[in-house]
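Colleague: Just so you know, my numbering puts 947 at position 113 of the sequence shown, and the rest follows in order with no gaps.
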Amino acid sequence: MSQLSGKTAIVTGGGSGIGRSISEAFAAAGASVAIFDLSEEAGPETASAIEAAGGKAIFASCDVSSGESVATALSACQEAFGAPNILVNNAGIANIGTATTTSEEDFDRVMKVNVKGVYMCLHRILPLMIENGGGVILNMSSIAAVTGLKDRFAYSASKGAVHTLTLAVAADHLEQGIRCNAICPARVHTPFVDGYLEKNYPDNKEEMFQKLSVVQPIGRMAKPEEIGKLALYLCSEDASYITGQTFNIDGGYLNLRG
Ligand SMILES: NC(=O)c1ccc[n+]([C@@H]2O[C@H](COP(=O)([O-])OP(=O)(O)OC[C@H]3O[C@@H](n4cnc5c(N)ncnc54)[C@H](O)[C@@H]3O)[C@@H](O)[C@H]2O)c1
């Protein structure tokens, strides 16, 4: 038996980067994966790649910040694979700025996707898991939630909220058979990072990539697959005694500097 055989998993933002690696790892471990993604390109492409590799996946078009959109995607998941056993709240967006330079629009946009989006999925999907006798939730936080990063005001605030709502969900639903944990990566080399470099440093991307890599004492960014493996462990029965935890996966960033 594979680690997740017979399980249905929803991965938000599952079309790209970390979410794609999680979707692929889950499918390879036997889960049926519903990819809830805004991108009409990355989402279907990842679902097709999983199917081509012999796994089970569907793309469900979804904006996690809209309750209606989550409900529609959830119906598609239920129709294809039945009720979800695992929810990975991974979809998120980045933002650069301090409290003084972040615009009201940007602050609202980051909170809407990174915090309300997680709430919306929990609000719609948790009741089904509870009805089913239990399930596993994994939230994608960031080291920005646990240490001060320059120029990440709104993003850090949003990931701090993800961090604490993880604890709240774990406490509220323990007796209903729900485990809830979070992962806090340092820099992971995904399209998220490439987009950030393209937007903010179009003339010295390579130099900035190097700079961002060596910030991690291990000397490089994480590979998305490395996050996928931790996610697979935390969402499997192997982690049946783990709940209410946040896991740093950071190449030594938090503890080994200086
Ligand atoms: N890459 C990093 O260095 C890093 C580090 C720490 C935490 N994270 C977190 O990991 C998560 C994934 O990051 P990534 O680097 O893989 O990003 P990515 O940009 O490569 O992928 C994000 C995916 O989320 C989707 N998405 C965005 N907004 C959405 C919405 N409203 N509804 C549904 N889907 C939406 C995008 O279409 C995309 O497919 C994010 O929550 C991010 O904050 C990333």
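Built from N, CA and C at the ideal position, the CB exists for glycine as well.
Since the structure is predicted, the reported quantities are computational estimates derived from the model, not experimental observations.
1) Tell me the DSSP secondary structure of Asn1034 in three-state form.
2) Considering only residues of the same chain and omitting the five flanking positions on each side of Ala865, which have a CB-CB separation below 6 Å?
3) Among the residues of its own chain, which have a CB less than 6 Å from the CB of Leu1046, if the five just before and after it don't count?
4) How about Ala894 and Ile927: do their beta carbons lie closer than 8 Å?
5) In the DSSP output, what is Arg1013 paired with across the bridge?
6) Using 8 Å as the threshold, is the region 893–911 in touch with the region 940–954, meaning 3 or more CB pairs across them?
7) CA-CA distance, Ser937 and Gly994?
8) Are the beta-carbon atoms of Asn924 and Gly847 separated by less than 8 Å?
9) Using the Cβ count rule (16 or more neighbours within 10 Å means buried), how would you classify Pro961?
10) Check the C-beta distance from Ile1083 over to Leu1064 and give it rounded, since I have them as a contact under 8 Å.
11) I'd like to know whether the C-beta atoms of Gly968 and Gly1029 end up nearer to each other than 8 Å.
12) Nearest by alpha-carbon distance to Gly1086: which of Val1048, Leu983, Pro1025, Phe1043 is it?
13) Is the closest heavy atom of ligand 1 to the C-beta of Phe893 under 7 Å?
14) Examine ligand 1 and report whether any of its heavy atoms sits within less than 7 Å of the Cβ of Ile1083.
Modeller: Taking the definition as stated:
1) DSSP places Asn1034 within a helical segment (H, G or I) once states are collapsed to three.
2) Leu838, Lys841, Ala843
3) Arg1021
4) no
5) Val970
6) yes
7) 19 Å
8) yes
9) exposed
10) 6 Å
11) no
12) Val1048
13) no
14) Incorrect: Ile1083 has no Cβ contact closer than 7 Å to ligand 1.
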